[in-house]
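Residue numbers (the numbering used here): 3 to 392.
Remarks on the structure that follows.
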């Protein structure tokens, strides 16, 4: 560490802002995704470090200027002696996670300067996580798909290399045997299933209609139905699926789960949408209306008027296989948005209004559906109500 900083001055340097956590560093809390460890990520240099609680405390302390009393009580709370802090500061300085105040001047136009400007802009708008995403991908190289650019040739070669390293076979999910009699078949997707066009459904005022299970099955068929396949000829892998709702690169990362009311009762049955075999796979029928609606984050609705609901998840590996980081984050959200809009239009044709659930309920939904959130995570949910009934 710099010779002029010695043990007795560490606290003073922190107080007066002479030691600063690098502006492009963010702390990531322990979770399944981080192996239950704290992570310090330097967005500007695209580096990540697994750190101890004590190291995390020092980085957090150096994010801004603190009073002497605050620093003393903070170090005491974490049981950090001056010697331990000195050692930690030295280690953080060595990997450039801590800077001296004089170091925090970045060359205009450098990546560090651009990252700082992006983060400041988004944090000022109340969207720090959007700023983080923009920071890691704003200068990510794009393929030039013009004839002169040769992007298609590069794309094919890259995918061929991927397939040599790992089979590209994850196209759909099947949870139960085809012989399971509890499954509900849905019709093959065709334009004849919908009584009105999407334009008509958005522009006209629809009235009450008799709602049956078949109504929701038609929505499922036209939203998620498989219409064909693309067989790979230039690399190894399972055929790509064509569906009623297109997906970037034909990756189709979205999985759908549907709950339907059991007759006139107060309980719901959960199904998984098996698009390839055109059926709803039975999952569980033990959930009360209250429990289901609470998990979906739609408790504000009148449970007696809800006909069912849909949950959309994402199998991250499908898009990660092709797009890697950081493009996957963007593409899975576009996929979800497209499908939600399709579901909403088709549901309205069937006399159903859709009401989005609370996105903060992801833990409850993932537990309810017994999902491993590191491989398949909750993205969106919506309840179906008869039009005019909320």
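Where is the CB? At the ideal position from N, CA and C, for every residue including glycine.
Practice item. On a CA-only basis, which of 29, 39 and 291 is nearest residue 61? Give me that one, please. Key: 29
Check your understanding: Considering only residues of the same chain and omitting the five flanking positions on each side of residue 236, which have a CB-CB separation below 6 Å?
Key -> 158
Check your understanding: So residue 242 and residue 231 are in contact, right, with Cβ under 8 Å, and what is the actual spacing, rounded?
Key -> 7 Å
Practice item. Give the C-beta separation of residue 52 and residue 33 to the nearest angstrom, bearing in mind that I take them to be a contact with Cβ-Cβ under 8 Å. Key: Actually they do not touch by this definition, with Cβ atoms about 13 Å apart.
Practice item. Report the option in 299, 315 and 123 whose CA atom is closest to the CA atom of residue 256. Key: 315
Practice item. Apply the 10 Å Cβ neighbour rule to residue 374 and answer buried if 16 or more other Cβ atoms are within range, or exposed otherwise. Key: exposed
Practice item. Report the option in 188, 22, 78 and 153 whose CA atom is closest to the CA atom of residue 92. Key: 22
Exercise for review: Measuring alpha carbon to alpha carbon, tell me which of 344, 121, 73 and 150 ends up nearest residue 248.
Suggested key: 344
Review point. Taking the C-alpha atoms as reference points, what is the distance between residue 125 and residue 118?
Key: 10 Å
Review point. Taking the C-alpha atoms as reference points, what is the distance between residue 152 and residue 26?
Key: 35 Å
Practice item. Kindly identify the DSSP beta-bridge partner or partners of residue 379. Key: 316
Practice item. List the endpoints of the continuous alpha helix (DSSP H) containing residue 261. Key: Where residue 261 is concerned, there is no enclosing alpha helix (DSSP H), although the beta strand (DSSP E) it sits in stretches over 256-263.
Check your understanding: Under 7 Å between the Cβ atoms of residue 67 and residue 19?
Key -> yes
Point to revise | Which listed residue (367, 167, 131 and 113) has its alpha carbon closest to that of residue 293 | key: 367
Point to revise | Three-state class that DSSP yields for residue 176 in the structure shown | key: coil
Check your understanding: What is the C-beta distance between residue 270 and residue 263, in whole angstroms, given that I count them as a contact (C-beta under 8 Å)?
Key -> 6 Å
Check your understanding: In whole angstroms, what is the alpha-carbon distance linking residue 6 and residue 372?
Key -> Reliability fails at residue 6, whose pLDDT of 43 lies under 50, so the model's placement of it is uncertain and the value that follows must be treated cautiously. For residue 6 and residue 372, the distance between alpha carbons rounds to 56 Å.
Exercise for review: Can you grab the Cα-Cα spacing for the pair residue 306 / residue 130, in whole Å?
Suggested key: 39 Å
**Study point:** Classification of residue 54 by the beta-carbon crowding that lies within 10 angstroms, buried from 16 upward
**Key:** exposed
Check your understanding: In or out: residue 336 buried (at least 16 other Cβ within 10 Å) or exposed?
Key -> exposed
Check your understanding: Closest by CA to residue 139, which one among 356, 331 and 174?
Key -> 331
Review point. Roughly how many whole angstroms lie between the Cα atoms of residue 168 and residue 313?
Key: 30 Å
Practice item. From the DSSP output, in three-state form, read off residue 51 for me. Key: strand
Review point. If you check the beta carbons only, do residue 297 and residue 370 fall under 7 Å apart?
Key: yes
Exercise for review: Can you tell me which of the three DSSP states residue 384 falls into?
Suggested key: strand
Check your understanding: residue 286 to residue 177, Cα distance in whole Å?
Key -> 12 Å
Practice item. Just the C-alpha distance for residue 209 and residue 194, rounded to the nearest angstrom, thanks. Key: In this prediction, residue 209 has a pLDDT of 46, which is less than 50 and means its spatial position is unreliable; what the coordinates show is noted afterwards. Using only the alpha carbons, I get a separation of about 21 Å.
Check your understanding: Just to confirm, are residue 386 and residue 339 a CB contact at a threshold of 7 Å?
Key -> no
Review point. Apart from the five residues on each side of it in sequence, which residues of its chain come closer than 6 Å, Cβ to Cβ, to residue 57?
Key: 90
Exercise for review: Give the single residue among 85, 233 and 225 whose Cα lies nearest to the Cα of residue 245.
Suggested key: 225
Exercise for review: State the start and end residues of the unbroken alpha helix (DSSP H) segment that holds residue 369.
Suggested key: 364-370
Practice item. Would you kindly work out how many angstroms separate the C-alpha atoms of residue 211 and residue 259, rounded to a whole number? Key: At residue 211 the pLDDT is 47, less than 50, meaning the model places this residue with poor confidence; the figure from the coordinates comes in the next sentence. Distance between the alpha carbons of residue 211 and residue 259 is about 24 Å.
Review point. Does the beta-carbon of residue 144 have 16 or more other beta-carbons within 10 angstroms, so that it is buried, or is it exposed?
Key: exposed
Exercise for review: Leaving out five residues on either side along the sequence, give the residues of the same chain with a beta carbon under 6 Å from the beta carbon of residue 238.
Suggested key: 165
**Study point:** Residue range of the alpha helix (DSSP H) that includes residue 124
**Key:** 113-126
Review point. Residues in its own chain within less than 6 Å of residue 377 by CB, not counting five upstream and five downstream?
Key: none
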